[in-house]
Structures are given as C-alpha cells and as structure tokens.
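Just add 4 to the spot in the sequence shown (first one is 1) and you have our numbering.
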Amino acid sequence: MTRINLPILLFALMQIQMQLSYCNAFAFQLPKIQMPWEGGSTSPALSSTKNKKSPITSNDKVVIFGATGGVGQLVTKKLSARDGKNYQLRIAARDSARAKETLDNDDIDVVELNLVGDDKATDAELQTAMEGATGVVVSIGTTAFPTKRWDGGNNPQAIDMEAVTRIANAASNVDTIRRVVLLTSVGVNRTKQMPFLILNLFGVLDAKRAGEDAVKSAASEAGFSYSIVRPGRLVGGPYTNLDLANLFKIEGGAENGVDVA
C-alpha cells in the first residue's frame with residue numbers, strides 16, 4: 005500500500021494556497037463592491053447580457069445562496085446598504101437561526117433551505133424560494149480537499165455541481181429572474197496545469213465547471229443574463245474556513261476591493 009508523506013503533502017497544500025494568492029486573485033472590501041447588474045466593471049468574469057428582460061432596479065428582490073459564507077456575507081451586507089438602491093433581500097440558508105445571527109439584519113428575509121443530504125430542498129421548494137426575485141447570487145461551496153465540512157454529503161460534487169445545477173434549473177422556471185451571478189474559481193479550464201492539477205485532485209474544479217455550464221444552459225433557455233466570477237485565493241475577513249488565511253488572518257490584497265462584470 006502506498007504511504008503518503010504527511011509533511012510533504014502539507015507543504016504542497018501550503019504552496020497551492022500561496023500560488024493561488026497570485027492567480028488572478030482579488031480579495032473583498034465592502035466599499036468597492038459593485039454588483040454585476042450595475043455595470044461599469046473591468047474585473048475578470050464571464051458575462052452574458054443577451055436577454056430580453058429589463059435590468060434590475062431599486063426595490064427588486066435578490067435571492068442569495070451562501071450568504072453566511074465569507075463572500076456571501078459581504079455581498080449581502082453591501083446589497084442591504086446600497087445608497088438609493090433598496091434591494092429586497094432573501095437569504096436561502098440551511099440554518100435560518102445561524103443566518104439571522106450572522107447577518108444581524110431584521111430587514112432580510114431568511115428562508116431555511118438545505119441543498120444537500122436526505123432533507124435537501126425539492127425542486128419546487130427551490131423555485132418557491134426564488135419566486136418574485138429578479139436577481140440570484142450563488143456563492144456556495146465547500147473545501148477542495150476532504151475535511152469535516154464534507155460531512156453529510158457536503159462535497160464539491162454535491163455543492164458545486166448538483167446544487168448549482170438545481171438552482172439554475174429552478175431559476176429558469178421563475179419568469180421574473182433577470183440575472184444570475186455565480187462564484188466559482190480560477191483554474192476551472194486549466195485542470196491539467198499546475199497548481200490546478202493538485203487543487204482538482206478530488207474534482208472540485210470539474211464540479212465548478214459543471215455548475216457554470218448549468219447556469220449558461222439555463223440562461224440560454226430562460227432568457228436571463230448571467231455573470232460567472234472566477235477568483236483566485238480570496239483573503240481577508242470574514243474568516244469562515246479553517247485554512248492558512250484564517251490562521252494568520254491574512255489581509256493582503258483587500259485594498260483591491262471587487263468590481264464584477
């Protein structure tokens with residue numbers, strides 16, 4: 005049986021994290037966040053606006069999947085504080101009590117909805133969660149390598165492929181949806197190159213690419229526009245992962261903010 009040298013493996017994983025910090029990476033800072041439907045962006049993203057539906061405007065409803073994650077928290081807080089643009093926010097969370105405590109905003113509608121496991125939401129429940137919304141932000145994910153976060157089936161295939169696909173398909177059945185924004189990862193089209201070959205050992209990049217394809221297909225079928233954001237290493241708070249960025253509270257790059265096409 006082949007033995008794995010743990011120190012060497014840990015060193016390799018550390019190198020991946022360090023390299024990804026410089027692979028088209030950008031971190032998040034609230035004052036500079038610009039949502040895709042607001043235009044005027046130069047950041048790396050795939051975007052399609054070839055739809056027949058009108059743009060998202062003030063008072064429109066936006067549904068966010070993954071709002072308690074690091075990126076999701078920042079997007080949610082920023083959308084709830086847009087000057088002159090009072091979006092109605094709905095959060096789909098597996099633990100509504102935790103989501104309310106984390107986001108600490110009584111104006112945000114929180115619906116309890118699980119995306120994986122035996123009690124995962126039905127297609128009809130996903131569609132109901134998005135009823136009346138014009139925008140959907142999908143910022144869900146898990147760790148690239150097996151960790152405790154994989155418990156209960158919370159692995160890349162279940163989250164980045166299956167859950168994203170189901171969200172996209174449900175969105176295609178909601179007539180009011182005009183824009184879907186999906187956060188994936190740098191390297192989804194470079195899985196045979198280093199360091200992405202190692203990052204994809206357990207299929208996380210393959211799963212994310214499948215999720216992207218599902219969003220594109222749903223957009224083509226239903227006529228809504230989409231943006232797919234492929235960041236590299238995201239550093240800076242809020243810290244939600246047990247990784248080096250959390251351990252050392254890495255803040256590098258946070259001054260860059262994020263503008264999404």
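We put the beta carbon where it would ideally sit given N, CA and C, even for glycine.
Between the CA atoms of residue j and residue i - distance to the nearest angstrom
i    : j    : result
S47  : I232 : Annotation note: pLDDT 45 at S47 (below 50); position unreliable, no value reported.
R98  : Q92  : 20 Å
L201 : V190 : 12 Å
W154 : F69  : 18 Å
G74  : K212 : 18 Å
V67  : L205 : 32 Å
V208 : M198 : 15 Å
D64  : K82  : 15 Å
Q19  : F149 : Reliability fails at Q19, whose pLDDT of 47 lies under 50, so the model's placement of it is uncertain and the value that follows must be treated cautiously. So the two alpha carbons sit approximately 14 Å from each other.
L187 : A214 : 13 Å
K104 : G76  : 13 Å
S224 : K152 : 37 Å
N158 : S143 : 14 Å
S62  : K89  : 5 Å
L78  : G156 : 26 Å
L130 : E166 : 13 Å
K124 : A133 : 13 Å
V141 : F228 : 13 Å
D122 : K220 : 28 Å
S176 : T146 : 25 Å
L50  : A222 : 15 Å
Y230 : V185 : 6 Å
K196 : P235 : 18 Å
R270 : A226 : With the chain represented from 5 up to 265, any question about residue 270 goes unanswered, as that position is not in the structure.
L203 : Q161 : 14 Å
S84  : A218 : 28 Å
I60  : R237 : 29 Å
Proximity of residue i and residue j at Cβ, strictly below 8 Å
i    : j    : result
G136 : T180 : yes
A101 : L117 : no
R94  : G139 : no
G120 : I163 : Gly is not the amino acid found at residue 120; the sequence shown has Val there. Taking 8 Å as the Cβ cut-off, V120 and I163 qualify as a contacting pair.
A174 : D127 : yes
V192 : E216 : yes
Residues that residue i bridges to, as DSSP identifies them
i    : result
I95  : I68, V114
V140 : V67, V184
S176 : In DSSP, S176 forms no bridge with anything.
Local conformation of residue i per DSSP, three classes
i    : result
R194 : coil
S231 : strand
L50  : strand
T147 : coil
R237 : coil
A101 : helix
P59  : coil
V79  : helix
P199 : coil
V120 : coil
D108 : coil
A85  : coil
S189 : coil
L205 : coil
T126 : coil
G156 : helix
G73  : coil
E135 : coil
Quiz item: Per the contact definition of three or more C-beta pairs closer than 8 Å, is the segment 101-116 in contact with the segment 157-174?
Solution: no
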